[in-house]
Amino acid sequence: MTVLNRLDWYNIARDTNWTPTYVSDKDLFPEELTCAFGLPAEAFEEYDEPYKTTYPEYVKVQREKDAGAYSVKAALERSKMYENASPGWLSVLKLHFGAIARGEYSASSAECRMVRFGRAPGMRNMATFGMMDEIRHSQIQLFFPHQYVSKDRQFDWAFKSYDTNEWAMIAARHFFDDMMVTRGAVGVGMMLTFAFETGFTNMQFLGLAADAAEAGDWSFSSLISSIQTDESRHAQIGGPLVQILVKNGKKAEAQKMVDISIWRAWKLFSILTGPVMDYYTPLEHRKQSFKEFMQEWIVGQFERSLLELGLDKPWFWDDFLREIDEQHHGMHLGVWFWRPTVWWDPAAGVSPAERQWLEEKYPGWNDTWGHCWDVITENALEGNMAKTLPETLPVVCNMCQLPINYTPGPKWTMRDFPLTHAGRDYHFCSEGCRWVFEQEPSRYKDHQSLVDRFLDGQIQPPDLGGALKFMGLSPGEMGDDALKFAWVEEVRADRIKKAS
Amino acid sequence: MALFPLTSNFQEDFVLQLVAVDTDNNMDEVAAAAAVHSVGRRVKARPGVLRVRRQGASEPFARDLKVADAGLRPMECVEIYWEGSTAHLREPRH
C-alpha cells in the first residue's frame, strides 16, 4: 500500500477544530482553563508548530530512546558507579531525582491541560506528545535511582520528597504548582514550555548530561540526554503562542506571564543548579562556573529569543544579571549550614584548592562568602561541630520559599522586602518575588511558608527535632557534610605546610 | 510577658534568621539573642556594643527599651550591628 508523505496529510489530520453543536464554544473552552485572554479561536488558527511529528513517528523514536537509556543502565549495573563516585556527585543525583522526578508528573498534567484546552490544533497535537514525554520522564527518573535505594536511603527521596513538607521541596512544589498545576492552557504554554523549559531546563539538561559524562556516570548521562531530546521538542509549544498574543494586542499579558516564570525559575535554579556546578562537582570535573554557564547558555540565548518573538527583556533583568554572580553562593551556604534538613549530603566545596577556584571565578569571594566559611572552618578544625549547625530557622521568602540571603561581609547588603496585604505581613527575598506576589495576591496570599507554619504551632516540638519530623526526615536520610569534613584535614595540612 | 518572634539581620551575616524573644526583653537582650545564631557560627566575634535598629532607621533603639514598647510587628526585620562600625542603611519599606 502506498503511504502518503507526512506533509501531504498532516495539516488535515491534525486540524480538529470542529464546530460544537451540543455545547457552546464558551462551555467547551472556558476562559479559566484556556487562559486565552478572551481571544477567539480564529486568533489561534495561525499557530504553526515548529516541530511536526506524527504518532507512529513519535512511538518509533521514543521506543529507540528508551531502549538506548535502559540498555546503558543494564550494561553498567555492575560497574560500581555508586561505590566509585565522589560523594559530591552522589549528592547531585539525589538532589536531582528528589526535586525533579515527581514534578514531571505535574508537568504531564499541565501538558494534558494544553491537550484538552489549547485553542490551536497544532498546540494540542504537540502537547499530546509532551504529555507522554513527561510521563516517561517521571517513570525513568524513578526507575534509575531505585537501584541505589538498598545502598542509600537518601535515594528513596526520588519518590518520597514530593509528598513531604521538606523546605526545599515546598519551594520546588510552590513554583511547579504555580506555573503547571494552576494555569490555563496558554498560561502553561507560556510559563512552563516557553519560559521554564526553553529558557532554563533544556539548556540545563544539556549541561548536566555533559557533567555526568565528565564524572564517568554514563548511565545518568544517557538518561538525561534522552530526556533532553524530548524537552527540546515540546519546549517549542510556547514560542508560536507568544507571537499570537503579541500580534493580537496581548503583549503586556504575555510579558507578565513570562516575567513571572523567568524570575521564579531563576530562584529555583539558584539553589538546584548553582551549588551543584560550583561546589558539589569535583574540582577536576568542572568545565565552567555556574555564572559562566548562565551567561553563555541561558542569558544570551534567552535574551535573543525574547526579543525575536516580540517581547522585551523583563524589567528585573539587571537584578537577574547581578544575582547570577551572587545568589547561589548564599543558597549553597544555607543548604550546607542547615544540612540536616535536606535529603542529600551537600559537599562544602571549600578546600584550599576549591576556594582558590572560587576566588578566580568570582573575584571577591574570599572577602565575602569566604568570611563566613572562615568561621565555619575554624570551628570544624577545633572540633566545635555544634557551632557548624543551626539553632534556629532561616526566614524564608513568602514567594520562592527559599532562605532570604544576600552577599555577606563588610558591604552587608542583606535586607528584607516586606509587604502588608489585607492585614497580613509577608516577607520577600527580593523586589522580584514581591512583584510576583503583587501581580495576583489572591493566588498566593493564603500559602504559609515553613516559618509561618512554625509560628502557627504546626511544628511540634518547636525545635530542630520537631522540624525534622515535620519535614519527614528520618535518621539515615538527613543530610550531612558529603565528605564527612575530610576537606577540613586538607585545610589543616595546608596550614602545617605553610608554617613549616 | 509573651514570646515575640523577630527577623534578625545580623551585620555581615548572609541570611535572615528567626529569633524568638520576650516582650519584656530590652534591646541589649534582643541583640544577644540574635548574636547566638550568627556570632561564632558565620560571623567573627569582635569587641564592642551591639545595637538594634528597625530596618531602614538611621538611629538604633535605646538599649533599655523593651520589645513591648518598641512598636515592632511580629517578624519585623531588625538590624543588629556593632556600635561605631560602618553599618549601611536600608530603605524603610513597611
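Chain order of the listed sequences is A and B. According to this note's numbering, the first sequence is numbered sequentially starting from 1. According to this note's numbering, the second sequence is numbered sequentially starting from 1001. Quick reminder that beta carbons are idealized off the backbone N, C-alpha and C, glycines included. In this text the structure is predicted, and so the values were computed from the model without any measurement.
Check                                                                                                                                                              : Outcome
Which residues in the same chain have their Cβ closer than 6 Å to the Cβ of ARG1093 (chain B), if we skip the five residues on either side of it in sequence?      : Residue placement at ARG1093 (chain B) is poorly supported in this model, since its pLDDT is 47, which falls under 50; the coordinates are not used for a value here.
Mind checking whether LEU402 (chain A) and TRP373 (chain A) have CB atoms under 9 Å apart?                                                                         : no
Using the beta-carbon of each residue, which ones in chain A are nearer than 9 Å to VAL1019 (chain B)?                                                             : THR392
Report the partner residues of ASN1026 (chain B) according to the DSSP bridge assignment.                                                                          : B:LYS1066
On the DSSP bridge list, what partners appear for SER1008 (chain B)?                                                                                               : B:GLN1017 and B:VAL1078
Does the beta-carbon distance from GLY118 (chain A) to THR34 (chain A) come in below 9 Å?                                                                          : yes
What does a CB cutoff of less than 6 Å around ARG102 (chain A) pick up in its chain, not counting 5 residues either side in sequence?                              : TYR162
For the segment 262 to 295 of chain A, which residues have a CB atom closer than 7 Å to at least one CB atom of chain B, in sequence order?                        : none
Could you list which residues in chain A have their beta carbon closer than 7 Å to that of ASP1064 (chain B), in chain order?                                      : Correct list: empty, because the minimum Cβ distance to chain A is about 25 Å.
Please classify TRP18 (chain A) as buried or exposed, where buried requires at least 16 other C-beta atoms within 10 Å of its C-beta.                              : exposed
State yes or no: is the C-beta of ASN398 (chain A) within less than 9 Å of the C-beta of VAL1015 (chain B)?                                                        : no
In whole angstroms, give me the CA-to-CA distance for GLU197 (chain A) and ALA235 (chain A).                                                                       : 5 Å
With a cut-off of 8 Å on the beta carbons, I'd call GLY187 (chain A) and MET257 (chain A) a contact; round off their distance for me.                              : 6 Å
What residues match up with TYR279 (chain A) in a beta bridge as DSSP calls it?                                                                                    : Note: TYR279 (chain A) sits in no beta bridge, so no partner.
Give a yes or no on whether 9 Å exceeds the smallest Cβ distance from ASP374 (chain A) to chain B.                                                                 : yes
Along the alpha helix (DSSP H) that carries VAL242 (chain A), what are the first and last residues, could you check?                                               : 238 to 247
Taking the alpha carbon of ASN202 (chain A) as the reference point, which residue from A:GLN458, A:PHE293, A:GLU378 and A:PHE320 has its own alpha carbon closest? : A:PHE293
According to DSSP, is TYR162 (chain A) helix, strand or coil?                                                                                                      : helix
Is LEU4 (chain A) buried or exposed, if buried means 16 or more other CB atoms sit within 10 Å of its CB?                                                          : exposed
Between the segment 1024 to 1044 of chain B and chain A, which residues of the former have a C-beta closer than 8 Å to a C-beta of the latter?                     : VAL1036, HIS1037, GLY1040, ARG1041, ARG1042, VAL1043 and LYS1044
Shorter than 8 Å, the distance from the beta carbon of TRP9 (chain A) to the closest heavy atom of the ligand ADP, or not?                                         : Of the ligands one can find in the structure shown there are none, so the ligand ADP has no counterpart to examine.
Please tell me whether TYR406 (chain A) has its Cβ less than 9 Å away from any Cβ of chain B.                                                                      : yes
Which runs of the alpha helix (DSSP H) at least 4 residues long sit entirely within the segment 27 to 91 of chain A? Give them in chain order.                     : 31 to 34, 55 to 75 and 81 to 84
At the 9 Å Cβ level, is LYS387 (chain A) part of the contact set with chain B, yes or no?                                                                          : yes
Using the C-alpha atoms, what's the distance from ASP325 (chain A) back to GLU1083 (chain B)?                                                                      : 31 Å
Under the three-state reduction of DSSP, which class applies to THR229 (chain A): helix, strand or coil?                                                           : helix
Helix, strand or coil: which one does DSSP assign to PRO352 (chain A)?                                                                                             : helix
Taking 9 Å as the CB-CB limit, is LEU1016 (chain B) close to chain A?                                                                                              : yes
Just verifying my parser: in three-state terms, what is the DSSP assignment at LEU402 (chain A)?                                                                   : coil
Please report whether the beta-carbon of MET1075 (chain B) lies at a distance below 9 Å from any beta-carbon of chain A.                                           : yes
Below 8 Å, can you find three or more Cβ-Cβ pairs linking the segment 224 to 232 of chain A to the segment 60 to 80 of chain A?                                    : yes
Would DSSP call ARG6 (chain A) helix, strand or coil?                                                                                                              : helix
Taking a Cβ distance cut-off of 9 Å, strictly less, list which residues of the segment 234 to 246 of chain A are near chain B, in chain order.                     : none
Using beta-carbon positions only, say whether ILE237 (chain A) and MET114 (chain A) come within less than 9 Å of one another.                                      : yes
For TRP412 (chain A), would you say it is in contact with chain B, using Cβ-to-Cβ distances shorter than 9 Å as the test?                                          : yes
For PRO346 (chain A), does the three-state DSSP call read helix, strand or coil?                                                                                   : coil
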